[in-house]
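Count along the sequence shown starting at 1, add 45, and that's the number in the working numbering. We treat Cβ as the ideally placed atom computed from N, Cα and C, and that holds for glycine. These numbers come from a predicted model, not from an experiment.
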Amino acid sequence: MSMWTNHADPITVVPPNYREVDYIKITNRRAFLWLNVMSLLPLTASGLLMFGALLVYHEEMGGPLVIPALSGELPSLVGLLLVLLVLPLHEWIHGLAIRRCGHTPRYGVKLLVLFATSDGALFRRNEFILIALAPLVTVTLAGLFVMVFLPYQLGYWIALAVVLNAAGAIGDLWMTIAALRFDASALIRDEEDSMRIFARMGRAGYL
Numbered sequence: 046m047s048m049w050t051n052h053a054d055p056i057t058v059v060p061p062n063y064r065e066v067d068y069i070k071i072t073n074r075r076a077f078l079w080l081n082v083m084s085l086l087p088l089t090a091s092g093l094l095m096f097g098a099l100l101v102y103h104e105e106m107g108g109p110l111v112i113p114a115l116s117g118e119l120p121s122l123v124g125l126l127l128v129l130l131v132l133p134l135h136e137w138i139h140g141l142a143i144r145r146c147g148h149t150p151r152y153g154v155k156l157l158v159l160f161a162t163s164d165g166a167l168f169r170r171n172e173f174i175l176i177a178l179a180p181l182v183t184v185t186l187a188g189l190f191v192m193v194f195l196p197y198q199l200g201y202w203i204a205l206a207v208v209l210n211a212a213g214a215i216g217d218l219w220m221t222i223a224a225l226r227f228d229a230s231a232l233i234r235d236e237e238d239s240m241r242i243f244a245r246m247g248r249a250g251y252l
């Protein structure tokens with residue numbers, strides 16, 4: 046089955062032959078603490094990738110393919126705002142993926158953390174994984190591409206934005222790993238800071 050399942054056929058009601066088999070809440074104290082610690086992993090990996098690419102572009106390739114209008118150095122405040130804009134961008138990309146799967150996204154803030162969800166929506170496992178990973182993959186690839194055309198000073202801020210986005214995606218990665226414990230027939234309901242997993246009766250739904 047394609048990762049982009051039939052988006053014209055969204056599911057909102059749990060089928061009668063499905064039952065809830067798992068409930069995962071990422072904002073309980075223990076999980077929240079572990080997620081903050083584990084965020085160092087994608088932060089470190091993306092930092093090595095982005096700043097390594099930045100060095101390669103400028104040291105090994107003799108500099109980027111500079112667009113004249115983008116030359117120069119951003120003031121620190123403007124650069125910081127650029128980095129912080131990646132947070133709503135992250136959720137907006139979640140929302141685009143949710144809409145692509147046939148549901149209506151809703152955005153909000155919980156415990157000072159931005160989120161995107163869809164009330165009452167049930168996502169097929171592969172849809173859920175794609176929605177979860179869309180911001181991490183999109184922002185990282187876009188950042189790597191854009192840096193080819195930027196001078197070092199601008200590329201530095203883009204790299205920082207990508208690293209922040211990757212660190213913030215630790216919850217998405219954790220829920221992806223949880224979803225992968227079940228086969229593609231599983232249905233998942235996103236509840237802002239938690240997920241409910243439903244599997245077809247007569248089979249565990251586990252891989």
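{"query": "Between the Cα of L157 and those of L132, F194 and A211, spot the shortest distance and give me the residue it belongs to.", "result": "L132"}
{"query": "Give a yes or no on contact between the segment 177-186 and the segment 52-61, applying the rule of three or more CB pairs nearer than 8 Å.", "result": "no"}
{"query": "Tell me S239's beta-bridge partners as DSSP assigns them.", "result": "K70"}
{"query": "Is it the case that the Cβ atoms of F168 and I222 are separated by a distance below 8 Å?", "result": "no"}
{"query": "When the Cα of T149 is compared with those of L159, S163 and I138, which residue comes out closest?", "result": "S163"}
{"query": "Quick one, which of I71, P55 and D54 has its alpha-carbon nearest E237's?", "result": "I71"}
{"query": "Compute the distance between the beta-carbons of S91 and V191, then report whether it is under 8 Å.", "result": "no"}
{"query": "What are the start and end residues of the beta strand (DSSP E) that includes T256?", "result": "Outside the displayed range of the chain (46 to 252) lies residue 256, so it cannot be described from this structure."}
{"query": "Suppose you measure from the CA of E65 to the CA of L209; what does that come to, to the nearest Å?", "result": "34 Å"}
{"query": "Could you work out which residue in R226, W219, G165 and A212 is closest to L129 when comparing CA atoms only?", "result": "A212"}
{"query": "Give the straight-line distance between the Cα atoms of E136 and G188, rounded to the nearest whole angstrom.", "result": "17 Å"}
{"query": "Report all residues from its chain with a CB closer than 6 Å to the CB of F173; omit the five preceding and five following residues, and keep chain order.", "result": "A224 and I233"}
{"query": "If you check the beta carbons only, do D235 and A166 fall under 8 Å apart?", "result": "yes"}
{"query": "Thinking just about the alpha-carbon of each residue, which of Y201, A142 and V101 is nearest to the one in W161?", "result": "Per the sequence shown, residue 161 should be read as Ala rather than Trp. Measuring from the Cα of A161, the nearest candidate turns out to be A142."}
{"query": "Ends of the beta strand (DSSP E) at F160?", "result": "V158 to T162"}
{"query": "L231 by DSSP, collapsed to three states: which one?", "result": "The residue asked about is misnamed: residue 231 is Ala in this sequence, not Leu. Note: A231 maps to coil in three-state DSSP."}
{"query": "Run the CB neighbour count on W219, radius 10 Å, all protein chains shown included, and call it buried at 16 or more, exposed below.", "result": "buried"}
{"query": "Tell me whether the beta-carbon of A244 lies closer than 8 Å to the beta-carbon of N171.", "result": "no"}
{"query": "Residues in its own chain within less than 7 Å of S84 by CB, not counting five upstream and five downstream?", "result": "A212 and I215"}
{"query": "Which one of D67, I203 and Y63 has the shortest CA to CA distance from R241?", "result": "D67"}
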